[in-house]
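Student:
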Amino acid sequence: MITLDNNLKNKKPNIIQGGLGVAVSGWELARAVSKLGEIGVISGICLDNVMIRELQNGDPDGRLEALSHYPDQEIVEHIKEKFYVEEGISPDQPYKVLPTHGVDPEPRLQRILSAAVFSEVYLAKEGHDGVVGMNLLSKLKRYTLACLYGAMLADVDLIIMGAGIPVEEANQISNLAAGKPARLTLEIDKSLCSNPRNQYFYKLDPADILPAPPELPCPDFFPIVSTDTLARILDHKISADVISGFVVEKPVAGGHNAPPRNKQYDDDGNPIYDDRDQARMEKMQELGYPFYLAGGYGSPEKLKQAHAVGAEGIQVGSLFSLADESNYPPECKKKLIREIHRDNVAVRTDGRISPTGFPFKVVELEGTLGIPENMEKRRRVCELGYLQQIYLDKDCEIKRRCPSEPIQSYLAKGGDKEETEGRGCLCNALFANIGLAQRRPWGNEGEIFTAGDEIVNLPLGSAKKPHYTASDVIDYLYSSTGSD
Ligand SMILES: Cc1cc2nc3c(=O)[nH]c(=O)nc-3n(C[C@H](O)[C@H](O)[C@H](O)COP(=O)(O)O)c2cc1C
2 MITLDNNLKN
12 KKPNIIQGGL
22 GVAVSGWELA
32 RAVSKLGEIG
42 VISGICLDNV
52 MIRELQNGDP
62 DGRLEALSHY
72 PDQEIVEHIK
82 EKFYVEEGIS
92 PDQPYKVLPT
102 HGVDPEPRLQ
112 RILSAAVFSE
122 VYLAKEGHDG
132 VVGMNLLSKL
142 KRYTLACLYG
152 AMLADVDLII
162 MGAGIPVEEA
172 NQISNLAAGK
182 PARLTLEIDK
192 SLCSNPRNQY
202 FYKLDPADIL
212 PAPPELPCPD
222 FFPIVSTDTL
232 ARILDHKISA
242 DVISGFVVEK
252 PVAGGHNAPP
262 RNKQYDDDGN
272 PIYDDRDQAR
282 MEKMQELGYP
292 FYLAGGYGSP
302 EKLKQAHAVG
312 AEGIQVGSLF
322 SLADESNYPP
332 ECKKKLIREI
342 HRDNVAVRTD
352 GRISPTGFPF
362 KVVELEGTLG
372 IPENMEKRRR
382 VCELGYLQQI
392 YLDKDCEIKR
402 RCPSEPIQSY
412 LAKGGDKEET
422 EGRGCLCNAL
432 FANIGLAQRR
442 PWGNEGEIFT
452 AGDEIVNLPL
462 GSAKKPHYTA
472 SDVIDYLYSS
482 TGSD
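At position 332 of the sequence shown (counting the first as 1) the number is 333 in this note's numbering, and the numbers step up by one without a gap.
#1: What I want to know is whether the C-beta of Asn50 ends up closer than 7 Å to one or more non-hydrogen atoms of ligand 1.
#2: What's the gap between the Cα of Val157 and the Cα of Pro207?
#3: Just the Cα atoms here: how many angstroms apart are Lys142 and Asn172?
#4: Can you look up Ser481 in the DSSP assignment and give me helix, strand or coil?
#5: So does Ile40 have its beta carbon nearer than 7 Å to some heavy atom of ligand 1?
#6: Run the CB neighbour count on Pro212, radius 10 Å, all protein chains shown included, and call it buried at 16 or more, exposed below.
#7: Going by DSSP in three states, Ile234 sits in which element: helix, strand or coil?
#8: Under the assumption that Ile475 contacts Glu82 (Cβ atoms under 8 Å), give the Cβ distance between them as a whole number of angstroms.
#9: Under three-state DSSP, which class holds Asn445?
#10: Glu340 to Val346, Cα distance in whole Å?
#11: Is Asn136 close to ligand 1? I mean its beta-carbon at under 7 Å from any heavy atom of the ligand.
#12: Which residues in the same chain as Pro95 place their Cβ atom closer than 8 Å to its Cβ, once the five residues preceding and following it in sequence are excluded?
#13: Could you give the DSSP three-state label for Thr451: helix, strand or coil?
#14: From this set, Ile315, Ser44, Ala117, Pro92, which residue's C-alpha is nearest Asn445's C-alpha?
#15: So, for Asp6: in the same chain, excluding its five sequence neighbours on each side, which residues have a beta-carbon less than 6 Å away from its beta-carbon?
#16: In whole angstroms, what is the alpha-carbon distance linking Ile210 and Glu29?
#17: Report back the beta-carbon spacing between Val77 and Tyr85 to the nearest angstrom; my notes put them in contact at under 8 Å.
#18: Cβ of Glu455 within 7 Å of any heavy atom in ligand 1?
#19: Per DSSP, Met285 is paired with what?
#20: Is Ile501 a contact residue of ligand 1, with contact defined as CB to any heavy atom under 7 Å?
#21: Consider the C-beta atom of Ala171 and the heavy atoms of ligand 1; say whether any pair is separated by less than 7 Å.
#22: Whose C-beta lies closer than 6 Å to the C-beta of Arg281 among residues of the same chain, with five residues either side of it excluded?
#23: Go ahead and pull the three-state DSSP assignment for Gln265.
#24: For Phe359 and Ala164, I'd like the C-alpha separation in whole angstroms.
#25: Should Ser322 be listed as close to ligand 1, given that the test is whether its C-beta is under 7 Å from any heavy atom?
#26: Which residue comes first and which comes last in the beta strand (DSSP E) that contains Gly163?
#27: In this structure, how does DSSP classify Gly134 when only helix, strand and coil are distinguished?
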C-alpha cells in the first residue's frame, strides 16, 4: 500500500472537510477543522472576486493583513488602491468586478488571483501545524494555474480536484514548483470553424507572477473520482509520485455531481444513475492508494462502514457547510437549519441548472432561486464569467460564451437555444450565498444553495437551537464508532 506522502505522512486523518465553493469553506472553517487534527479544505474557486468584494466592504476579516505577507507587494498595492474602501461602499452600490480571464493569459489578472488564493491559504494555516487543502474544479481551466501557484506560495499541503479529469493539472504541479512555465489544454468547441488548430493552451509562467520564482514543495494531490474505472485511468496517466490518494464521491453529494455513465435523464432533465456509477471498493483497494469516501458519508455509522471497506476515512461537505465557521451569513444558516428541521426543505439533482452541463444539487428553500419559478424570473446577466465555455467562431477566432448569459447574446455567438434552457447563473448565485450578492438597479442577485441529499436528515442543531460548530460535526462523526 502506498502511504500518504509528503504533508500527510504520519497524520492519517479520518475526515476531510470537503471543499465548498464559492468560499463557503473559507479559511475560517478550514482552519477550525485542521486545528482539530482533520483535513480542512478551502475552496480555491473565484477567490479573486471574493477578495475584492471583501475589500470593498472595508475588509472585515483581515484580508489585507494576510496580503502583507505575499511576496509581490506591488500587486498588493495595486489591489488596495483599486478596491479597498476603508468605510465600505454603501449597501446599494454595485461591486466592482474583475475582468474575466481570457484565453491569452493576462499577467495582471493572474497576479491578482494568485495573491487572493495565497491570502486564503495563509489565513487557513495561521496558528497551527494541521493539514490544509485546497479544492479546485478541473472545469475552470483558465483559473487553475494561478490558483495553484498562489496556494503553493502559501505552502498548501494538499490539492483536491474534481469536476473533470485532472491529468494535466496533476502533471503541471511540478513545473510550478520548479518555477517553470505550466500549461493546460483548453476544451474548445470548434464546430463553427472549418480549419481549427489541433490544440489550444492556457499558460502561466511563474516569472510573470514573481520576478524570481522560488523553488516550492509539491503539495499532495487527490483527484476526486466517481468510479474505480476513472481512478484506474488516472493511475495510468499520472505518475504514482504525484497522486497521494483519491476521494471517491457518490452522486448523493452536495455541489456538482458526475454525469450518469448511461447519459440517461428523466423528463425534467434530472440524471438517472445505475450500477455503472458505483465505485467498486475492492477495485479501489487494488489500486493501493489511500482513499476517502464522499457523498452521504456524514455519520458515525458511515465512517465505520468506510473503514470496513478499506477507506482511510470520509469526506463530508453538507454538515460542515452549515457550521458556525462556514461563510454563509449567520442568519441564512439559521434559516436553513430551522427549515430543514421543520421539513420545509427538499434537495433536487438538477441536470440543467449548471452551465457546466454537470448535474448540480439544489436546495429548494422558499425565497431563493432554488425554487424554479423564482429562477425563471431572474434577469440574465453574465459578468463574472468563470464558467464561460471557449469556442471558435466562423473566422476561427477564440471567443467565450456561457449558456446562462442573456439568451440573445448566446445565440448571437452561435450558441444553441436548447443549451440555454433551464440554466441558472451559478457564479452570481454562489456569491449571493456568502452574503456578497451583486447589487442591481432592480434588486440584489438571489441565492441558490446546494447540499447533499442527506441534508434533510440533519443530525445537528434543531429548529429551536439552529446552529452548531465544526467541532460539533467532528464529535458527532466520531461518536460511538470506536474509531481510533
Ligand atoms: C455547499 C457545498 C459546496 C460544494 N462545493 C464544491 C466544490 O466547489 N468543489 C467540489 O469538488 N465539491 C464541492 N462540494 C462537495 C463537497 O466537497 C463534498 O464532497 C460533498 O459535500 C460530500 O458529500 P455530502 O454533501 O453528502 O457531505 C460542495 C458541497 C456543498 C455542500
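Ideal Cβ placement from N, Cα and C applies to all residues, glycine included. Please read these numbers as outputs of a predicted model, since none were measured by experiment.
Tutor: From the atom records:
#1: No, the Cβ of Asn50 stays beyond 7 Å of every heavy atom of ligand 1.
#2: 17 Å
#3: 14 Å
#4: coil
#5: Remark: the C-beta of Ile40 is outside contact range of ligand 1, defined as less than 7 Å to any heavy atom.
#6: exposed
#7: helix
#8: With a contact defined as Cβ atoms closer than 8 Å, Ile475 and Glu82 miss out at about 41 Å.
#9: strand
#10: 6 Å
#11: yes
#12: Gln439, Arg440, Arg441
#13: coil
#14: Pro92
#15: Its pLDDT being 48, under 50, Asp6 is placed unreliably in this model, and the value from its coordinates should be taken loosely. Ser245.
#16: Rounded to whole angstroms, Ile210 to Glu29 spans 26 Å at the Cα level.
#17: Not really, about 10 Å apart at Cβ, beyond 8 Å.
#18: yes
#19: In DSSP, Met285 forms no bridge with anything.
#20: What the structure shows of the chain is the stretch from 2 to 485, and residue 501 is not part of that stretch, so it cannot be assessed.
#21: no
#22: Asp229
#23: coil
#24: Taking the straight line from one Cα to the other gives about 8 Å.
#25: For ligand 1, a non-hydrogen atom lies closer than 7 Å to the CB of Ser322.
#26: 159-163
#27: strand
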